[in-house]
Amino acid sequence: MNNKNNSVTQDNPTPLRQPSRVALAPLARQPVLGSLMLLVVMALSLLIIGGFKGDFFASWVTFVVVVGVPVEIVLSMLWRSQYPGWVAALPQPAKGLVMLVLTLAVACAVSAVIFYTQAQQVGPPTPFTLMYVIFCVLLTFWFVIVWRCWPLSSFTENPAILGIGTLLVAYGLGYLLFCVLFDFSAMAEAPFYLASLDPHGLFAAFEILAFAVTSVSVVFSGVLLDFWPLNTATLARKPRLLAVAITVQTMAVTALLYWLGTRVLGIEPVKFMVHGAIALLFGALVPLLMFEDQLFEHRTQPVRGLLQLGIACLAGAVLPRLYWALGPLLSGPMSEGAPTYTHELWLASALLAMTFPLLVVSSQYFDFWPLRKA
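Counting from 1 along the sequence shown, just add 929 to a position and that's the residue number in the working numbering.
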């Protein structure tokens, strides 16, 4: 995820790809390094979650942390932890601390703007606002990984402009698409429902959110495969055409998976999203972030990607179950399934609104410090 020598707009296989690193200390070698740091991050995540009441964690904490994820994407994927230059020159842990403070500062500022505008000062944050900021995160992944910040990248390669522009696209375009796509009418009887906050879009809110999350899990699976078989030399020379091809392939696979899961197998959209799409997305972070995409390096695609995808599926099957089991112990009794999906949404927040950001902080901001030392 952190290629130190290139920018996202240059000719790289993907913003998530990074170079191999050689370390002498046994603990600084993969996959030992990533496994140890994964355990540390999971323990820290669960400790932090347990420090909040369940409702507060699922609303305010989730809201602010999720708002910070696009900032993490800019710092780690777009700027590759190398911009601004004075921050990149800092030794660890100072570099990681500065990046963390910057992320939190921007997250708090953007959260305040969203709360006083889109959320209309209705607190704690309701599903209207939470789904909006989650959707903005998903859009940011698409914009950076698949579209390489196009069309902004066609006009400038200035990191600051690209970074700020990416955040504006995430929350500006995200709001427009949110208004067009999301409909909360099915939740009209819920205590949180406010007609003034319902955009009355084209699709049921949980349906479109589940589909969008599934699409990003497919994108991350594609990253593991280097977007094989699309990433040919011919398409690589035409990045816009490659982006279109990846988009078409991703949406086709997403539609197939979503149809099989929710229509053929009859799985409820929320359960499919949490136990299927989010689990796979979280699992993909293990080989990509924690193992630094170094597993099976001597294999060629698609074998290498399929092997890494197997690791992702295994992690996605095992690790969320651990969180699921510990949920009631950390946040108290929670109901499962419709109409509230309290336990399912708690798991989604625990994985993607707490553990995922901390995985980025530990692997990208702090570069596995103190297990790996410069």
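For glycine and all other residues, C-beta sits at the position ideal for the given N, C-alpha and C. From a predicted model like this one, the values you see are computed outputs, not experimental measurements.
Annotation for arginine 1169: the continuous alpha helix (DSSP H) segment containing it runs 1168-1187. Under DSSP, no beta-bridge partner is assigned to alanine 1141. The beta carbons of glycine 1256 and leucine 1224 sit about 30 Å from each other, so the pair does not count as a contact at 8 Å.
A direct Cα-Cα distance of roughly 10 Å separates alanine 1174 from phenylalanine 1156. Less than 7 Å divides the Cβ of alanine 1282 from the Cβ of threonine 991. Counting only runs of 4 or more residues that sit fully inside the segment 982-1035, the alpha helix (DSSP H) segments are 991-1002 and 1014-1017, in chain order. DSSP, reduced to helix, strand and coil, places alanine 1133 within a strand of the structure shown.
Closest in alpha carbon position to arginine 1301, among Met1219, Leu976 and Trp989, is Met1219.
Distance from the CA atom of lysine 1167 to the CA atom of histidine 1272, rounded to whole angstroms, is 45 Å. If you ignore the 5 residues before and after threonine 1055, its C-beta comes within less than 6 Å of the C-beta of Phe1121, all in its own chain and listed in chain order.
When Cβ pairs closer than 8 Å are counted between the two stretches, the segment 969-976 is seen not to touch the segment 1260-1268, the count staying below three.
Proximity to alanine 1036 across Leu1236, Leu1068 and Glu1001 peaks at Glu1001, based on C-alpha coordinates. Shortest Cα-Cα distance from glycine 1130 to any of Ala1119, Leu1106, Glu1118 and Ala1141 involves Leu1106. Per DSSP, tyrosine 1270 lies in no alpha helix (DSSP H) segment and is marked neither H nor E.
Per DSSP, alanine 1246 is one residue of the alpha helix (DSSP H) stretching across 1232-1260. Taking C-alpha positions only, valine 1199 is separated from methionine 1180 by approximately 19 Å. Collapsing the DSSP output to three states places phenylalanine 1156 in coil. Closest by C-alpha distance to isoleucine 1137, out of Phe1064, Pro1268, Ala1124 and Phe1149, is Phe1064.
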